[in-house]
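Line by line, the protein sequences give chains A and B. Residue numbering for the first sequence follows the numbering used here, beginning at 1 and increasing consecutively. Residue numbering for the second sequence follows the numbering used here, beginning at 1001 and increasing consecutively.
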Amino acid sequence: MIRFGGVYKRYPSGQEALSGLSFHMEAGSMAFLTGHSGAGKSTLLKLIAGVEQPSSGQVLIDGKNIVQLSKSQMPIYRRKIGLVFQDYQLLHDRTVFDNVALPLIIAGADHQEIGRRVRAALDKVGLLEKERNLPVALSGGEQQRVGIARAVVNRPMILLADEPTGNLDAQLSSEIMQLFKQFNQIGTTVLIATHDLNLVQQMGYAEIALKQGRVDAGKMA
Amino acid sequence: MIRLLAFLKTYLLHHLQTAFSSLGKLWESPISNSLTSLAIGIALALPACLFILLFNFTQVSSQWQDGSQISLFLQQSLSDNKAKSLDKKLNTWPEISTTNYQTAAESLAEFKQRFGMDDLLDVLPDNPLPAVILVELKDEVQTEKINTLLKKLNALPAVEHAQFDMAWLQRLRNLNKIGSRGIMLLGILLSLSVLLIIGNTIRLTIINRKDEISIIKLIGGTNSFIRRPFLYTGFWYGIFGGFIAWLILLIVFYLLDSPVNNLAGLYGSQFTLQWYTLLSFFILPFLGALLGIIGAGFTVHQQIKEIEPK
């Protein structure tokens, strides 16, 4: 599902974030992306999301090289990727329902379909009764669950999360991780960047450890 | 087919929702948005008022006389038959539309009727007035051509004197043309200012919603999806500006109406100021909306390209 082949990423500043990174994730698998800050975790996720372009190398997603996607194809591609952020990235002037509905509205889903799927997603993250609230009225953990509901409402093939528990305590973090596990169990490929190594060990999934822009061979699972 | 209809329904519904949520957003800051609409309204009202005044003026001047007229005063000695044959001949000239021959007796009768100096005229031994041929020129005849024609007519042996009556009307028409061109230019300039007002306002809105745009791009929103609410914002600014322009128009014409009527009364004219209320009620908001969409479109196109998710 996700295959990196000799990917280099140099920023205009001269900093090299990825130095010949290669790895592969099967469809339907789940893995943690670990490493110190600056090891290239965020860059890797940005390359999959099509936000950054590699300086060289191949990024194959579902068999397609996304480097070759045109500007008009990029939005369509991004609809197949669910993104979860450390700071949730919710729209604060819209209700929980409208936030979760956004990917469906963008995709042009029909009105009833939107209602049905948004409620299903909110039900899954346990926030059905808060659909009319504004994000500011929710706790951090709840906001992150809204973010996850938004990421999965469109049934993406890949779910990417960048430090999703970075702002949450241990109890909430493990709840969030359980959610990711559930989505993986219904077939979504899940890749989570985190530096919370305890959590990674608890969960017992594959770990892709980055060190200086490469997979840390000593820690291969 | 059913899928296409379903798609269209969803699409239209989305447009309606976007339109009304844009309207709702404007409602959230009523004062600054009213000021923007007011600025647009004034910029639209000024050329609109001038145009309507010009229409009124054009109508008055067309009532005065259509086309231009030359009076040919014939030689006293000319016989009636010769005058009639000259009248026929003139009718075949390309610059001339119609002619009207009036004998000396008829001229006298008209003079008496108009000025009522019967006693004075009766004292005179003969009719002092000459026979006249009134020559109506075709509308398209230019002023320079009228002068050469005038020379040609003066040179005719049967003609004592040829006089162009409507020189002042020609001048007035030319002034009218300058006026309408001036107003047109003013209209274009002020329309440009409407584009700039709307464009700049939308630019600020986009900057305020940069994060939102970036998030929408990240979850697969196309540029046209992102553009849409801003285009509707421009549309609403334009429509409101148009209505405000219309209200300004009503106020201006309400204030002008009675002085103009008084003036017309002094000239014994039945003229009343035409407000074109209904026409401008449709045209101004339409024009405003059009300018709004164009102004917003330009800005949004420029700005959205620059906002990329990080």
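Backbone N, C-alpha and C fix where the C-beta goes; we use that ideal spot for every residue, glycine too.
For the region 80–166 of chain A, list the alpha helix (DSSP H) runs that are entirely contained and at least 4 residues long, ordered along the chain.
96–106, 111–124, 140–152, all fully within the region 80–166 of chain A.
Under three-state DSSP, which class holds residue 1120(B)?
Along the second sequence, read from residue 1 onward, the residue named residue 1120(B) stands at position 120. Note: residue 1120(B) maps to helix in three-state DSSP.
Can you tell which of 1088(B), 1171(B), 1238(B) has its C-alpha closest to the C-alpha of residue 1196(B)?
Taking the first residue of the second sequence as position 1, residue 1196(B) is located at position 196. Of the candidates 1088(B), 1171(B), 1238(B), the one whose C-alpha sits nearest the C-alpha of residue 1196(B) is 1238(B).
Endpoints, the beta strand (DSSP E) within which residue 1216(B) is located:
Residue mapping note: residue 1216(B) aligns to position 216 of the second sequence, counting from 1. Here residue 1216(B) belongs to no beta strand (DSSP E); instead the alpha helix (DSSP H) covers 1210–1218.
Can you tell me whether residue 1098(B) is buried or exposed? The criterion is at least 16 other CB atoms within 10 Å of its CB, across all chains shown.
The residue you call residue 1098(B) lines up with position 98 of the second sequence. Exposed.
Give the DSSP-derived three-state secondary structure of residue 74(A) in the structure shown.
Counting from 1 along the first sequence, the entry for residue 74(A) is found at position 74. Helix, per DSSP.
Bridge partners for residue 33(A) per DSSP, in chain order?
Position 33 of the first sequence, counted from the start, is the residue given in the question as residue 33(A). Partner(s): 193(A), 208(A).
Going straight from the alpha carbon of residue 128(A) to that of residue 135(A), what length do you get?
Walking along the first sequence from the start, residue 128(A) turns up at place 128. Walking along the first sequence from the start, residue 135(A) turns up at place 135. Taking the straight line joining both Cα atoms gives about 14 angstroms.
Beta-carbon spacing of residue 80(A), residue 43(A) below 8 angstroms:
By 1-based counting over the first sequence, the position of residue 80(A) is 80. By 1-based counting over the first sequence, the position of residue 43(A) is 43. Taking 8 angstroms as the Cβ cut-off, residue 80(A) and residue 43(A) do not qualify as a contacting pair.
Extent of the continuous alpha helix (DSSP H) run through residue 1233(B):
Position 233 of the second sequence, counting from 1, holds the residue named residue 1233(B). From DSSP, the alpha helix (DSSP H) with residue 1233(B) extends over 1223–1266.
Please check the pair residue 1044(B) and residue 1241(B), which I expect to be a contact at CB under 8 angstroms, by giving their CB distance rounded to whole angstroms.
For this step, residue 1044(B) is matched to residue 44 along the second sequence. For this step, residue 1241(B) is matched to residue 241 along the second sequence. Indeed, because the Cβ distance is near 6 angstroms, the residues count as touching under 8 angstroms.
Cα-Cα, which of 1205(B), 1141(B), 1060(B) is closest to residue 1269(B)?
Along the second sequence, read from residue 1 onward, the residue named residue 1269(B) stands at position 269. Of the candidates 1205(B), 1141(B), 1060(B), the one whose C-alpha sits nearest the C-alpha of residue 1269(B) is 1060(B).
Which same chain residues end up closer than 6 angstroms to residue 1281(B) when comparing Cβ atoms and leaving out the 5 residues on each side of it in sequence?
Within the second sequence, numbered from 1, the residue matching residue 1281(B) stands at position 281. Within the same chain, residue 1281(B) has close Cβ partners 1246.
Any C-beta of chain B sitting closer than 8 angstroms to the C-beta of residue 76(A)?
Within the first sequence, the letter at position 76 stands for residue 76(A). Yes - at least one Cβ of chain B is within 8 angstroms of the one on residue 76(A).
In three-state terms, what does DSSP make of residue 1(A)?
Start at 1 with the first residue of the first sequence, and residue 1(A) comes out as number 1. Coil, per DSSP.
For a contact meaning CB atoms closer than 8 angstroms, what does residue 110(A) contact in chain B?
In the first sequence, the residue the question calls residue 110(A) occupies position 110. Correct list: 1006, 1009, 1010.
Indicate the three-state DSSP secondary structure (helix, strand or coil) for residue 1096(B) in the structure shown.
Locating residue 1096(B) in the second sequence gives position 96, counting from the first residue. Note: residue 1096(B) maps to strand in three-state DSSP.
Bridge partners for residue 201(A) per DSSP, in chain order?
Taking the first residue of the first sequence as 1, we reach residue 201(A) at position 201. The secondary-structure analysis by DSSP pairs residue 201(A) with nothing; it has no beta-bridge partner.
Alpha carbon of residue 119(A) to alpha carbon of residue 1048(B), nearest angstrom:
By one-based count along the first sequence, residue 119(A) stands at place 119. By one-based count along the second sequence, residue 1048(B) stands at place 48. When rounded, the distance between both Cα atoms is 52 angstroms.
Nearest residue (CA-CA) to residue 1164(B), options 1233(B), 1177(B), 1136(B):
Translated into the one-based positions of the second sequence, residue 1164(B) becomes position 164. Measuring from the Cα of residue 1164(B), the nearest candidate turns out to be 1136(B).
Would the beta-carbon of residue 148(A) fall within 8 angstroms of that of residue 172(A)?
As a working mapping, residue 148(A) is identified with position 148 in the first sequence. As a working mapping, residue 172(A) is identified with position 172 in the first sequence. Not in contact: residue 148(A) and residue 172(A) (Cβ atoms no closer than 8 angstroms).
Terminal residues of the continuous alpha helix (DSSP H) containing residue 1162(B)?
Locating residue 1162(B) in the second sequence gives position 162, counting from the first residue. Run containing residue 1162(B): none in the alpha helix (DSSP H); it sits in the beta strand (DSSP E), 1159–1164.
Per the DSSP calculation, residue 1076(B) is bridged to which residue(s)?
For this step, residue 1076(B) is matched to residue 76 along the second sequence. According to the DSSP secondary-structure assignment, residue 1076(B) is paired through a beta bridge with no residue.
Beta-carbon of residue 1215(B) versus every beta-carbon of chain A: anything under 8 angstroms?
The count along the second sequence starts at 1 and reaches residue 1215(B) at position 215. Residue 1215(B) has a beta carbon lying within less than 8 angstroms of a beta carbon in chain A.
Alpha-carbon to alpha-carbon, residue 1020(B) and residue 221(A):
The count along the first sequence starts at 1 and reaches residue 221(A) at position 221. The count along the second sequence starts at 1 and reaches residue 1020(B) at position 20. Caution is warranted here: a pLDDT of 46 is assigned to residue 221(A), below 50, making its placement in the model unreliable, and the coordinate value is therefore given only provisionally. Computed Cα separation, rounded: 53 angstroms.
By alpha-carbon positions, which one of 193(A), 112(A), 32(A), 26(A) ends up nearest to residue 60(A)?
Locating residue 60(A) in the first sequence gives position 60, where the first residue counts as 1. The shortest C-alpha separation from residue 60(A) is found at 26(A).
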